[in-house]
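Visitor: Below you will find the structure I want to go over with you.
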Amino acid sequence: MIQVRDVRKVFNTGRPNEFVAIDGVSLTIEAHRTTVLKGPSGSGKTTLLSLLGCMARPTSGRISLLEREITSLPERFLTDIRRRSFGFIFQQFNLIKGITALENVMVPAYPTGERYSSLKRRAMELLELFNVGAKAASKVEWLSGGEAQRVAIARALVNDPMVVIADEPTAHLDTRLSREFMEIMGTLKANGKTLIMASHDPIVHESSVVDGVVEMRDGRLV
Amino acid sequence: MFLHPAILSLVVGSALVSLMLVHACIVGARILSRWDLQNGSELQLSLERRTYLVSTIMTYALGFQLLSLFLFIYTVDHLAVLFVGAMCAAGSLNANSWGYPTLILKIINFLLAGLWLILNYTDNRGYDYPLIRLKYGLLLLITPLVAVETALQSAYFMGLEPNVITSCCGTLFTSDSGGVTSGITALRHLPVEAAFYSSLLLTLALGVRFYRTGRGLAPFTLMNGAVLVSSVLALMSFVSLYIYELPTHHCPFCILHGEYGHVGYPLYISILAGALFGFGMAAIAPFRKRASLAAVVPRVQKGLTFMALGFHGVNFFIVIAVASFSNLILH
Chain H
2 MIQVRDVRKV FNTGRPNEFV AIDGVSLTIE AHRTTVLKGP SGSGKTTLLS
52 LLGCMARPTS GRISLLEREI TSLPERFLTD IRRRSFGFIF QQFNLIKGIT
102 ALENVMVPAY PTGERYSSLK RRAMELLELF NVGAKAASKV EWLSGGEAQR
152 VAIARALVND PMVVIADEPT AHLDTRLSRE FMEIMGTLKA NGKTLIMASH
202 DPIVHESSVV DGVVEMRDGR LV
Chain D
54 MFLHPAILSL VVGSALVSLM LVHACIVGAR ILSRWDLQNG SELQLSLERR
104 TYLVSTIMTY ALGFQLLSLF LFIYTVDHLA VLFVGAMCAA GSLNANSWGY
154 PTLILKIINF LLAGLWLILN YTDNRGYDYP LIRLKYGLLL LITPLVAVET
204 ALQSAYFMGL EPNVITSCCG TLFTSDSGGV TSGITALRHL PVEAAFYSSL
254 LLTLALGVRF YRTGRGLAPF TLMNGAVLVS SVLALMSFVS LYIYELPTHH
304 CPFCILHGEY GHVGYPLYIS ILAGALFGFG MAAIAPFRKR ASLAAVVPRV
354 QKGLTFMALG FHGVNFFIVI AVASFSNLIL H
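Taken in order, these protein sequences are the chains called H and D. Mapping the first sequence onto this note's numbering, position 105 (from 1) lands on 106, and the numbers just tick up by one. Mapping the second sequence onto this note's numbering, position 289 (from 1) lands on 342, and the numbers just tick up by one.
Below you can see the structure in the form of structure tokens.
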């Protein structure tokens, strides 16, 4: 589904503080499977996730999504692909404070121009699915860590993406919540989603939901 | 050189546009020689990123280039008071030998800059940079022309001497003055009027047909060219007479003055913009067969046709209005 060909990502190219975050990585991500990127801090997991999710462009190399080369796409096309193909769950959840859980879930779908009423209904259904429907009207700063993460998962799914990308999703969760999170991931996988996660948490990469573990160190595959 | 704010704006603006174009050409030359979308090399990816920057810079630079034509005309028109014998831009432009060449080059560059902006707009809507080579090839053509225009314009402004005796438009645009303008002013009004109205009405009809059905591109394009020529002829042959209400005054510049309601500006804008949108619509037509532009080109063409029809319509109604409300009766 996603093919990565000899990708490099260099920050501050040509400067004294040049840093090679990804160095010649090639890999294939299969559709409807769960792939985990595993490695220590600074190994390039998050950078690779951001390249896979079209949030950053590589310095060299190409990435294809469903046989379509996406690294050369002009930004206006990339935005659309990012919006429709990928759902993101961030390490810090990145929910927008000051607005409600429901509004947070709806935000990524606003640019699609969908009718407000149908979008609101869909967002509520997602919150209900993850047992946080009762918190829909609550501002996100009032939510517990587990609730905030469920809202973040609902937000990632609001545009019905093919691929869900999660960066260190269990970093701020205790063991029970981490296992709960993996159960939710199992449900998403059963519903046909492709899951890509970056984690060094054994609960994640030892989970039965995971089909493949890609180990990284110093920007390369091990 | 006069330290007039508009002159300084034009000289500095043109110099900046030229510098930006030279920078764009350096990138463009690398794109023309090294562009390979199949390649994932660092150079290719850096060219892909750089083309966004160049495209954005050029949009503003060439946007200024479009406006600078009218700023130039406005400026030279306002300088007329400084020259003995000059009554309008015609006299100012004649104050030294660089005035008219600058104006002609500015008109050519107006059309080329407009075409580039239309190509760039279309290219930005294709997912695989479909017109990138054409776009930068055209930029390599435009850059020397804009550089020459900058040099001519600077030579013109720097060579202006106050109180120089120049020619009045009354002597420049008469049938006895010799040259192309005398030939145009000597034309009989009725055939020119017939050619102008018939070409404009036919173009509007062909444009509406193309807009609605997508058919008749070639005749519509040809007629856009015909309208440009016939409008310029009409302006100097009979439209100016109706505006001035004088049977012998053919000057194409006095119509810019406030006493004639500045009618020259909308008239020139409608003539040039109508031609530009019409030519732009035709320029992108060959690319509708490219997969990434198959849906884009017809949509952009519709928009350009709509704009061309709008400006042709404005041109038509201004001429009808001045002819209807004029106290001069030519026939």
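Ideal placement from N, C-alpha and C gives every residue a C-beta, glycine not left out. Predicted model, so just to flag it, every value in this text is computed and none were measured.
For LEU38 (chain H), write down the residues that DSSP places opposite it in a beta bridge.
Guide: In DSSP, LEU38 (chain H) forms a bridge with H:ALA199 and H:VAL215.
Visitor: With burial defined as no fewer than 16 other Cβ atoms inside 10 Å of the residue's Cβ, what is the status of VAL137 (chain D): buried or exposed?
Guide: When all chains shown are included, VAL137 (chain D) counts as exposed.
Visitor: Counting along the chain, where does the beta strand (DSSP E) carrying ALA167 (chain H) start and finish?
Guide: Counting along the chain, the beta strand (DSSP E) containing ALA167 (chain H) begins and ends at 164-168.
Visitor: Give me the chain D residues within the contact set of THR60 (chain H), using Cβ-Cβ distance strictly less than 7 angstroms, ordered along the chain.
Guide: In chain order: GLU95 and LEU98.
Visitor: Would GLN386 (chain D) be called buried (16 or more neighbouring beta carbons within 10 Å of its own) or exposed?
Guide: Chain D is shown from 54 up to 384; residue 386 (chain D) falls before or after that span and cannot be answered.
Visitor: For ALA137 (chain H) and LEU128 (chain H), I'd like the C-alpha separation in whole angstroms.
Guide: The straight-line gap from Cα to Cα measures roughly 7 angstroms.
Visitor: For the beta strand (DSSP E) containing ALA348 (chain D), name the first residue and the last one.
Guide: Run containing ALA348 (chain D): none; DSSP gives neither H nor E here.
Visitor: Any chance you could list the alpha helix (DSSP H) runs of at least 4 consecutive residues sitting entirely within the stretch 5-89 of chain H, in chain order?
Guide: Listed in chain order, the complete alpha helix (DSSP H) runs (minimum 4 residues) inside the stretch 5-89 of chain H are 46-53 and 76-86.
Visitor: The alpha helix (DSSP H) spanning ARG341 (chain D) covers which residue range?
Guide: Per DSSP, ARG341 (chain D) belongs to no alpha helix (DSSP H) and is neither H nor E.
Visitor: What did DSSP end up calling THR301 (chain D) once you bin it into helix, strand or coil?
Guide: Residue state, collapsed to three classes: coil.
Visitor: For the stretch 75-88 of chain H, list every residue whose C-beta sits within 8 angstroms of some C-beta in chain D, in sequence order.
Guide: For the stretch 75-88 of chain H, which is checked against every Cβ of chain D, the residues closer than 8 angstroms are PRO75, GLU76, ARG77 and PHE78.
Visitor: Just curious, the alpha helix (DSSP H) that SER118 (chain H) is in, first and last residue?
Guide: From DSSP, the alpha helix (DSSP H) with SER118 (chain H) extends over 117-130.
Visitor: Please classify ASN105 (chain H) as buried or exposed, where buried requires at least 16 other C-beta atoms within 10 Å of its C-beta.
Guide: Counting Cβ neighbours within 10 Å, ASN105 (chain H) comes out buried, since at least 16 surround it.
Visitor: Buried or exposed: MET211 (chain D), going by 16 or more other Cβ atoms within 10 Å of its Cβ?
Guide: It is exposed - the Cβ of MET211 (chain D) has fewer than 16 other Cβ atoms within 10 Å.
Visitor: Can the beta-carbon of ASN160 (chain H) be found closer than 8 angstroms to that of ALA102 (chain H)?
Guide: No, Cβ-Cβ distance for ASN160 (chain H) and ALA102 (chain H) is not below 8 angstroms.
Visitor: Would you tell me roughly how many angstroms separate the C-alpha atoms of VAL8 (chain H) and VAL26 (chain H), rounded to the nearest one?
Guide: In a straight line, the C-alpha of VAL8 (chain H) is about 5 angstroms away from that of VAL26 (chain H).
Visitor: Do SER145 (chain D) and LEU132 (chain D) have their C-beta atoms closer together than 8 angstroms?
Guide: Cβ distance < 8 angstroms, so SER145 (chain D) and LEU132 (chain D) count as in contact.
Visitor: Taking Cβ-Cβ distances shorter than 9 angstroms, what residues in chain H pair up with ASN177 (chain D)?
Guide: Correct list: PRO75 and ARG77.
Visitor: At a Cβ cut of 8 angstroms, what residues of the stretch 72-95 of chain D count as close to chain H, listed as they run along the chain?
Guide: So the close ones are LEU90, GLY93, SER94 and GLU95.
Visitor: Enumerate in chain order the residues of its own chain whose CB-to-CB distance from PRO272 (chain D) is below 7 angstroms, with the five nearest sequence positions on each side excluded.
Guide: So the list reads LEU259, once near-sequence residues are dropped.
Visitor: I need the DSSP call for LYS140 (chain H), collapsed to helix, strand or coil.
Guide: In the structure shown, LYS140 (chain H) sits in a strand (DSSP, three-state: E or B).
Visitor: Are the C-beta of ASP175 (chain H) and some C-beta of chain D separated by less than 8 angstroms?
Guide: For ASP175 (chain H), the answer is no, since every Cβ of chain D falls outside 8 angstroms of its Cβ.
Visitor: Is the Cβ of THR72 (chain H) closer than 8 angstroms to any Cβ of chain D?
Guide: So, interface residue.
Visitor: Determine, using beta-carbon pairs with one atom in the stretch 283-303 of chain D and one in the stretch 242-249 of chain D, whether at least three such pairs fall under 8 angstroms.
Guide: Yes, the stretch 283-303 of chain D touches the stretch 242-249 of chain D.
Visitor: Would you say GLU101 (chain D) lies against chain H (beta-carbon separation less than 8 angstroms)?
Guide: Closer than 8 angstroms: yes.
Visitor: Suppose you measure from the CA of ASN173 (chain D) to the CA of VAL350 (chain D); what does that come to, to the nearest Å?
Guide: Using only the alpha carbons, I get a separation of about 12 angstroms.
Visitor: Would you call VAL199 (chain D) buried or exposed, if buried means 16 or more other Cβ atoms sit within 10 Å of its Cβ?
Guide: With 16 or more other Cβ atoms within 10 Å, it is buried.
Visitor: Under 9 angstroms, CB to CB, which of the residues in the stretch 6-35 of chain H have a partner in chain D?
Guide: From the stretch 6-35 of chain H, only ARG6, ASP7, VAL8, ARG9, VAL11 and THR14 have a Cβ closer than 9 angstroms to chain D.
Visitor: Who pairs with ILE218 (chain D) in a beta bridge, going by DSSP?
Guide: Beta-bridge pairing links ILE218 (chain D) to D:VAL137.
Visitor: Is there a Cβ of chain D sitting closer than 8 angstroms to that of ARG63 (chain H), yes or no?
Guide: By this cut-off, ARG63 (chain H) is an interface position.
Visitor: Nearest to LEU194 (chain D) by alpha carbon, out of D:ALA139, D:VAL292, D:ALA77 and D:GLN97?
Guide: The residue with the shortest Cα to Cα distance from LEU194 (chain D) is D:ALA77.
Visitor: Cβ atoms of PHE89 (chain H) and ILE166 (chain H): under 8 angstroms apart, would you say?
Guide: Going by C-beta atoms, ILE166 (chain H) is nearer than 8 angstroms to PHE89 (chain H).
Visitor: Under 8 angstroms between C-beta atoms, does TYR180 (chain D) make it to chain H?
Guide: Yes - at least one Cβ of chain H is within 8 angstroms of the one on TYR180 (chain D).
Visitor: Determine, using beta-carbon pairs with one atom in the stretch 54-66 of chain D and one in the stretch 28-37 of chain H, whether at least three such pairs fall under 8 angstroms.
Guide: Touching, no.
Visitor: DSSP three-state call for THR101 (chain H): helix, strand or coil?
Guide: Strand, per DSSP.
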